[in-house]
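Student: What follows is a single structure, and I will ask about it in a moment.
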Ligand SMILES: Nc1ncnc2c1ncn2[C@@H]1O[C@H](COP(=O)(O)OP(=O)(O)O)[C@@H](O)[C@H]1O
Ligand SMILES: [Mg+2]
């Protein structure tokens, strides 16, 4: 599934809709450049699960945990040096956590340690086509 949003709010609203199709135990890999809307979409998904806290990239702590209707584990792998670091930090334990939802920004920095069964969301800014507020969002369910 592929859509184009035309504003930050549209991306958040798309996140609300996506939340309806997500369930505890799902691992969502968010892939896209800086400013492509990963945090914005995460915010929408979290709102869809009635998270009341502020949703911001866990840049310094690697993981934020929110309590909505289900626990949500929000990661940002931007500062990760290698995928082994994920294993060393024991972060992969969360991926097997069946009661919560994992949302991972910059997931492409550690694809090899993510579960093969995951939802991949690729975000692309259409900035270069002079569409400053357009973002292409492609959702794929990987289930090998
Ligand atoms: N259609 C859109 N969807 C999401 N963000 C948008 C959109 N158009 C413009 N923006 C802006 O792009 C930026 C996206 O930031 P953010 O979600 O933090 O990106 P990332 O987490 O991928 O680095 C925000 O400043 C937001 O206002
Ligand atoms: Mg971000």
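In the working numbering, the protein residues as written are 951 to 1094.
By construction, the Cβ of each residue, glycine as well, lies at the ideal position given by its N, Cα and C atoms.
Decide if residue 1024 is buried, meaning its Cβ has at least 16 other Cβ atoms within 10 Å, or exposed.
Tutor: Burial call: buried.
Student: Tell me, please, whether the segment 1054 to 1067 touches the segment 1012 to 1028 by the rule of three or more beta-carbon pairs shorter than 8 Å.
Tutor: Yes, since at least three Cβ pairs between the segment 1054 to 1067 and the segment 1012 to 1028 fall closer than 8 Å, the two stretches touch.
Student: Comparing the CB of residue 996 with every heavy atom of ligand 1, is any distance shorter than 7 Å?
Tutor: Result no, Cβ not under 7 Å from ligand 1.
Student: With DSSP run on the structure shown, which of helix, strand or coil describes residue 959?
Tutor: If DSSP states are grouped into helix, strand and coil, residue 959 belongs with the helices.
Student: So which residues put a beta carbon under 7 Å from any heavy atom of ligand 2, going in chain order?
Tutor: My final list is 988, 989, 1007, 1026, 1055.
Student: Specify whether the segment 982 to 997 and the segment 957 to 974 touch according to this definition: at least 3 beta carbon pairs, one from each stretch, less than 8 Å apart.
Tutor: These segments touch.
Student: If residue 991 sits next to residue 1071, beta carbons under 8 Å apart, how far is it from one beta carbon to the other, in whole angstroms?
Tutor: Indeed, because the Cβ distance is near 7 Å, the residues count as touching under 8 Å.
Student: Which full runs of the alpha helix (DSSP H) of 4+ residues lie inside the segment 1003 to 1076, going along the chain?
Tutor: Qualifying alpha helix (DSSP H) stretches, in chain order: 1033 to 1038, 1042 to 1045.
Student: What beta strand (DSSP E) runs, 3 residues minimum, are completely inside the segment 958 to 1001?
Tutor: Entirely contained in the segment 958 to 1001, the beta strand (DSSP E) runs reaching 3 residues are, in chain order, 977 to 981.
Student: In whole angstroms, what is the alpha-carbon distance linking residue 1062 and residue 1082?
Tutor: Each residue's alpha carbon lies about 32 Å from the other.
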